[in-house]
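Colleague:
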C-alpha cells in the first residue's frame, strides 16, 4: 500500500468533478491530442458556455477564445482539466491554486509510472495541491464522464453518453477509454465513469463511496491493477456491496502479470489469492476478462436477483442446450426437472416428437415462445436461459420478406414484461445480423449473449450475489 | 459404446458422399423445409444437371422435373439424399437399393433419438442398408459440404462455401449448421464438413480417417456428445493427430449435461475425465466452448507451430498487456525479457518515456509496427501477440479522412510475410468497425481475436500441440 495522507473527500466535493459550474482547460491547443479534442467534445455536448480554454499563446480554438493565463479565466470556474507537459504541472497547479480553483483532473502522463524522476515530480505537484487544498484526479488518466449532464473529459462518441445505470471505475485511463468505446456496442450504458491513473489523491475507495450514494448508479464496474489502500478497500467494498453489486476485473493475477504493471511501485504485498479472498469476503464479484466484465454488467444492470439456483433452459438446438447445462452446473446452478404442471401443459401444446424436459429442446416446433413463457411461470424454476438459433439461410429468406426474429421466438420483450421477477438471459448463436435482430425483439431489459457459457456464468453470479445479500441481511424483497 | 457391425468404409467409398456423380433428392417438395431448400441451394451452386428430384406427385420444382419413382432416375446416380418422413424410410431404402445407389445421406429425424419405437425403425432401415451394402450418413443430420466442388446438402450461404483448409465433423446436424453459418463471419473457411446425427453407419472415426488423408484438409474440428466406438476413437485420434491437429468440443461434461444428451442411448460408460484422458493421450486439443472451437481453428489453420513457449507481447494499452500476460502464463507460456539487441534497437528508435520491456507497451508512440517487427525478429521470442487499440473517437475521425488502421499499426499482413516462421496472433479490442479494419490490414494469414485471453490460449495450444508432435516423432521441420 502506498503511503497516503488521510484527506477524506466528501460527496459534495466529489460532485464538482462530475457537475462543474465552469471548467478551465489548461493546455488547449491546435495540434492533435487531448488539448484539441477535449474542448471539441465538450463543445459538441453543449458545454461551450461553461468551458474556458487556456494556453499562453492566446488566440482562438474551435471558435472559442483562448486565455493566456489561468488568472484571466472568468467566473464561475471550479474545475481545471490539465493537459500540459509534465514538467510544467507544478507551476500550473500553483496558478490554479491562486485562482481559487479547488478541483483538478490531471490527464498528463510522465509521473510516478515512469520511475524515480517522475515520482519526484508527482510529489511536487501533490505538495502544491495539499497546500491549496486542491482535490486531484490523476495524473496519467483521462478523467471523468457523467451521462446525465453529458460532461466528459474523455473523447467519447455521442452514443457512449446515453444514460444508463452502470458506473465505471478504471485505474487505467486507456482501459477506461476502451470500455467507454465498447459498451454501447453491447447495449450497455453508463451513469458515470472515472479513470484514476496514478491516484495521487482520489482513489478507488473514494469513487466507490461516491457511486454508492449516487442515485443514478445501480451497478459498479471496476478495473484495478492494485489496491491503493488495501484495508480501506476491504471496508468500503463490504459496505457498498450491501446495496449495489460491484464487479471487479483485477489484473496482475500471475507474477509475470504483476511485473508488467510497471506503473505502480506499491500495491498489496500479497499475492493474487489475497485479492481473491478480499473480493470473496466483501461480496464483490470478481471477473477474469474484459468480456466477462461487460457481460456481467449487462446481466446485473438489467436483471432482478433470483430466488434460488434452479435454471430452466429453452433452446432451439439440443447441442447448445447440453453446453449450456454443462456451463450452468459448473458455475453452481442446477438444471432440475420441470414441474408436472409445466410438463403437462407443454405436452398438450406441442407435437408428439418433442421431448418435454429441462433443457427444453423445442427444435423446429415453433414452440419457443410458449416454452419460454412456461419456464418463466414454473414455480420450480428460478431463472431462465433461452437459446435462440435459426439456420442463416432461413433467417435471410425471412428477412427479405421483411419479417423479424419474433416469427420464431415470439415477442421476447413482451414475454419478459409479463414475468419480470425472474432473471432471464438470451443466448443468440449465429451471425451478427441474427444477434442484432434478437437484441431488438428482446428489448433493453434482457441481456443478449452470443454463446451459452457467459450467459450461464452471469446467471450464476446473480445467484451468488443474492446469497451475499441474504448473508448480510440486505437482500431486497 | 453402441454395438456396431464392423463395416469399415474405404476412402474411395467415402468420396462418393463428397463428390457424387449424380444425386437423387428423395422427398423434394414445394412446401418449406429441406425438401424445398436443398434442391434450390444445389441448383444455385451449379449442380442443376446432376440432381434428380423425386416425389410420388411428380411435376416440377425450381424448374427441374420431379420423378415419381426412384427407379425412374436416370444415370449416373450414386448418392441419394433422403428427406421423407421417418416411417417411409424403410421402403425408400429398399427402392434405393434396388436402383443400385450405394450411398445415402438420411436427413430425416425421428429415429433412435426419440425412443424405443424410433430405435426399432432405425434398426429396420439399417437392416435394409446392410442387405444392399448401402453406406449411410445419418439419420437425423444435415449431411455434408464440400467447398472444392460446392456440393452441399446443407442450406448454407454462398460465403460458407469459400474454400479453406478446416474440416468439420459434427455429431449434431443443427450444431454443424450453426458452425457453417458462423465461420465466415470469423474469416474461417472450410474444406469439407460432415454432420453425423445418429451414426447408424458412418461415424466420427470414419470421418477422421477420411479427413486424415484428404489433401484439402489441414485442421479438423469435431463436435461430439459421445463416442460411437471409444477404443477405435482412441486409436484413430492418436494416428490422425501425428499429421493434422484435431480440435474437439465434447459436450456433456457434467452429469446433468450428459442427461441432456437425450439423443444417445449409449456412450462411453465413464465420466468426463475419461474423455479428458482420451484426448490428452491422443494429442487431440480439447476446447470447452463454441467460441473456443472457432478461435482455435483460426489459429491452427493459419499459424506455424512455435519452437518454444516464449511469448512476446506488443500492445497499445498497458492494462491489456497485463491481462494478456496473466492469460498467457496461466495457459503455460512465458513472457520473458527481450533480448539485449531488441532492447537496444527499440531504445534507439523510440521516445524516452517508452518502457522497453515485455510486454512492450508502445502507448501513443506510433511505434507499434516497429515493435511488432522487433519481437518477430527477437531470437528469444517464439511467438507474438499484438494488441491493437485506438480510442474510437480518433479512429472515426481518421476513417472519415479515408485512412485505415495501418496508420497506427503498420501493414500487418506485410510484416507477417517478412517473418512467417513464428506464430502471430492479433487482438483487436474495440468496436466492430475497428476489428473489421484490423482484419483487413492483417490479411488472411493472421488470426484476429477480440480479447487477449482467447488469443493467448490459442497460442498456448499451438505450443502444446508442437510438443505432442515432438513426442510422437512427427514434428514438422
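Chains as they are written, first to last, in our numbering: chain S, -17 to 459; chain A, -17 to 459.
Beta carbons: idealized from backbone N, C-alpha and C, even for Gly.
1) What is the C-beta distance between residue 63 (chain S) and residue 135 (chain S), in whole angstroms, given that I count them as a contact (C-beta under 8 Å)?
2) Mind the definition here: the stretch 128 to 146 of chain S touches the stretch 178 to 193 of chain S only if three or more C-beta pairs lie below 8 Å; say whether that holds.
3) Taking only three categories from DSSP, how would you classify residue 160 (chain A)?
4) Using a Cβ-Cβ cut-off of less than 8 Å, give me the residues of the stretch 403 to 415 of chain S that come near chain A, in sequence order.
5) Would you list, in chain order, the members of the stretch 154 to 170 of chain S that have their beta-carbon closer than 7 Å to a beta-carbon of chain A?
6) Applying the 10 Å Cβ sphere with the 16-neighbour rule, what's the burial state of residue 329 (chain S)?
7) Residue 372 (chain A): which of A:-8, A:225, A:345, A:-7 sits nearest, CA to CA?
8) Shorter than 8 Å from the beta carbon of residue 242 (chain S) to some beta carbon of chain A?
9) So, helix, strand or coil for residue 309 (chain S), using DSSP?
10) Are any of the Cβ atoms in chain A nearer than 8 Å to that of residue 370 (chain S)?
11) Helix or strand or just coil, what does DSSP make of residue 187 (chain A)?
12) According to DSSP, which residues form a beta bridge with residue 133 (chain S)?
13) Taking only runs of the beta strand (DSSP E) that begin and end inside the stretch 39 to 114 of chain A, which ones reach a length of at least 3 residues, in chain order?
14) Tell me the DSSP secondary structure of residue 19 (chain S) in three-state form.
15) Look at the alpha carbon of residue 203 (chain S) and the alpha carbon of residue 128 (chain S), and state the distance between them as a whole number of angstroms.
16) Express the C-alpha separation of residue 325 (chain S) and residue 236 (chain S) in angstroms, rounding to a whole number.
17) Keeping to the same chain, check which residues put their C-beta closer than 7 Å to that of residue 356 (chain S); ignore five residues upstream and five downstream.
18) Can you tell which of S:46, S:264, S:429 has the C-alpha that lies nearest to the C-alpha of residue 12 (chain S)?
19) Checking contacts by CB at 8 Å: is residue 245 (chain A) closer than that to chain S?
20) If we ignore side chains and look at the alpha-carbon of each, how far apart do residue 96 (chain S) and residue 123 (chain S) end up?
21) What is the C-beta distance between residue 201 (chain A) and residue 266 (chain A), in whole angstroms, given that I count them as a contact (C-beta under 8 Å)?
22) Flag this pair as yes or no: are the beta carbons of residue 318 (chain S) and residue 340 (chain S) separated by less than 8 Å?
23) Of all the options A:299, A:386, A:155, which has the alpha carbon lying nearest to the alpha carbon of residue 298 (chain S)?
24) Starting from residue 145 (chain S) and walking both ways along the alpha helix (DSSP H), at which residues does that stretch end?
25) So residue 220 (chain S) is in the alpha helix (DSSP H); what residue range does that whole segment cover?
26) With a cut-off of 8 Å on the beta carbons, I'd call residue 350 (chain S) and residue 377 (chain S) a contact; round off their distance for me.
27) Could you check whether the stretch 426 to 446 of chain S touches the stretch 20 to 32 of chain A, counting it as contact only if at least three pairs of C-beta atoms, one from each stretch, sit closer than 8 Å?
28) So residue 237 (chain S) is in the beta strand (DSSP E); what residue range does that whole segment cover?
29) Taking only beta carbons into account, state which residues of the stretch 47 to 62 of chain A come closer than 7 Å to chain S, listed in chain order.
30) Mind listing which residues of the stretch 119 to 143 of chain S have their C-beta closer than 7 Å to chain A's C-betas, in chain order?
31) May I ask you to verify whether the stretch 156 to 164 of chain A touches the stretch 86 to 95 of chain A, counting CB pairs closer than 8 Å and requiring at least 3?
32) How is residue 246 (chain S) classed by DSSP in three states: helix, strand or coil?
33) Taking C-beta to C-beta, are residue 228 (chain A) and residue 222 (chain A) nearer than 8 Å?
34) Who are the Cβ neighbours of residue 387 (chain S) in its own chain at under 8 Å, not counting the five residues just before and after it?
35) Ordered along the chain, which non-local residues of its own chain (more than five positions away) have a Cβ less than 6 Å from that of residue 4 (chain A)?
36) Going by DSSP in three states, residue 7 (chain A) sits in which element: helix, strand or coil?
Modeller: The structure says:
1) If you number the first chain from 1, residue 63 (chain S) lands on position 81. If you number the first chain from 1, residue 135 (chain S) lands on position 153. Sure, about 5 Å apart at Cβ, within 8 Å.
2) The answer is no - the stretch 178 to 193 of chain S does not touch the stretch 128 to 146 of chain S, with fewer than three Cβ pairs under 8 Å.
3) Indexing the second chain from 1 puts residue 160 (chain A) at position 178. The answer is helix: DSSP assigns residue 160 (chain A) an H, G or I state.
4) Listed by position, the residues of the stretch 403 to 415 of chain S near chain A (Cβ gap below 8 Å) are 411, 412, 413, 414.
5) 154, 156, 157, 159, 160, 163, 164, 167
6) Here residue 329 (chain S) is taken as the residue at index 347 of the first chain, counted from 1. So residue 329 (chain S) counts as exposed.
7) By 1-based counting over the second chain, the position of residue 372 (chain A) is 390. Ranked by how close their Cα comes to the Cα of residue 372 (chain A), the residues A:-8, A:225, A:345, A:-7 have A:345 in first place.
8) Stepping through the first chain from its first residue, residue 242 (chain S) is reached at position 260. With its beta carbon less than 8 Å from one in chain A, residue 242 (chain S) belongs to the interface.
9) Translated into the one-based positions of the first chain, residue 309 (chain S) becomes position 327. Reduced to three states, the DSSP call for residue 309 (chain S) is helix.
10) The residue given as residue 370 (chain S) occupies position 388 in the first chain. Closer than 8 Å: no.
11) In the second chain, the residue the question calls residue 187 (chain A) occupies position 205. Residue 187 (chain A) falls in the helix class under three-state DSSP.
12) The sequence position of residue 133 (chain S) within the first chain is 151, counting from 1. S:128.
13) 46 to 49, 61 to 64, 85 to 88
14) Within the first chain, numbered from 1, the residue matching residue 19 (chain S) stands at position 37. Residue state, collapsed to three classes: helix.
15) Residue 203 (chain S) sits at position 221 when you count from the first residue of the first chain. Residue 128 (chain S) sits at position 146 when you count from the first residue of the first chain. Whole-angstrom Cα-Cα distance: 15 Å.
16) Numbered from its first residue, the first chain carries residue 236 (chain S) at position 254. Numbered from its first residue, the first chain carries residue 325 (chain S) at position 343. The straight-line gap from Cα to Cα measures roughly 48 Å.
17) As a first step, residue 356 (chain S) must be located in the first chain, where it is residue number 374. Cβ within range, chain order: 324, 327, 328.
18) The residue given as residue 12 (chain S) occupies position 30 in the first chain. With distances taken between Cα atoms, residue 12 (chain S) lies closest to S:46.
19) Against the second chain, residue 245 (chain A) aligns to sequence position 263. Because residue 245 (chain A) sits at a pLDDT of 43, beneath the cut-off of 50, its placement in the model cannot be relied upon, and the following sentence gives the value as read from the coordinates. Answer yes: the Cβ-Cβ gap between residue 245 (chain A) and chain S drops below 8 Å somewhere.
20) In the first chain, residue 96 (chain S) corresponds to position 114, counting from 1. In the first chain, residue 123 (chain S) corresponds to position 141, counting from 1. For residue 96 (chain S) and residue 123 (chain S), the distance between alpha carbons rounds to 14 Å.
21) Counting from 1 along the second chain, the entry for residue 201 (chain A) is found at position 219. Counting from 1 along the second chain, the entry for residue 266 (chain A) is found at position 284. In fact, because the Cβ distance is near 12 Å, the residues do not count as touching under 8 Å.
22) Counted from its first residue, the first chain places residue 318 (chain S) at position 336. Counted from its first residue, the first chain places residue 340 (chain S) at position 358. Yes.
23) Position 316 of the first chain, counted from the start, is the residue given in the question as residue 298 (chain S). Ranking the options by Cα distance to residue 298 (chain S), first place goes to A:155.
24) Sequence index remark: in the first chain, residue 145 (chain S) carries index 163 (1-based). Premise fails: residue 145 (chain S) lies in the beta strand (DSSP E), 145 to 152, not in any alpha helix (DSSP H).
25) Locating residue 220 (chain S) in the first chain gives position 238, where the first residue counts as 1. Element bounds for residue 220 (chain S): 212 to 222.
26) Stepping through the first chain from its first residue, residue 350 (chain S) is reached at position 368. Stepping through the first chain from its first residue, residue 377 (chain S) is reached at position 395. No, residue 350 (chain S) and residue 377 (chain S) are not in contact; Cβ-Cβ is about 14 Å, not under 8 Å.
27) no
28) As a position in the first chain, residue 237 (chain S) is number 255, starting the count at 1. Here residue 237 (chain S) belongs to no beta strand (DSSP E); instead the alpha helix (DSSP H) covers 237 to 242.
29) none
30) 137, 138, 139
31) When C-beta atoms of the stretch 156 to 164 of chain A are compared with those of the stretch 86 to 95 of chain A, fewer than three pairs fall below 8 Å, so the two segments do not count as touching.
32) The count along the first chain starts at 1 and reaches residue 246 (chain S) at position 264. Because the pLDDT of residue 246 (chain S) is 38, which lies under 50, any placement of that residue in the model is unreliable, and the number read from its coordinates should be weighed accordingly. Note: residue 246 (chain S) maps to coil in three-state DSSP.
33) Indexing the second chain from 1 puts residue 228 (chain A) at position 246. Indexing the second chain from 1 puts residue 222 (chain A) at position 240. Taking 8 Å as the Cβ cut-off, residue 228 (chain A) and residue 222 (chain A) qualify as a contacting pair.
34) On the first chain, position 405 is the one that residue 387 (chain S) refers to. 370, 372, 377, 416, 419, 420, 422, 423, listed in sequence order.
35) Residue mapping note: residue 4 (chain A) aligns to position 22 of the second chain, counting from 1. Cβ neighbours of residue 4 (chain A) beyond the five flanking positions: 32, 58, 59.
36) Within the second chain, residue 7 (chain A) is the residue found at index 25, counting from 1. In this structure, DSSP gives residue 7 (chain A) an extended state, which the three-state scheme calls strand.
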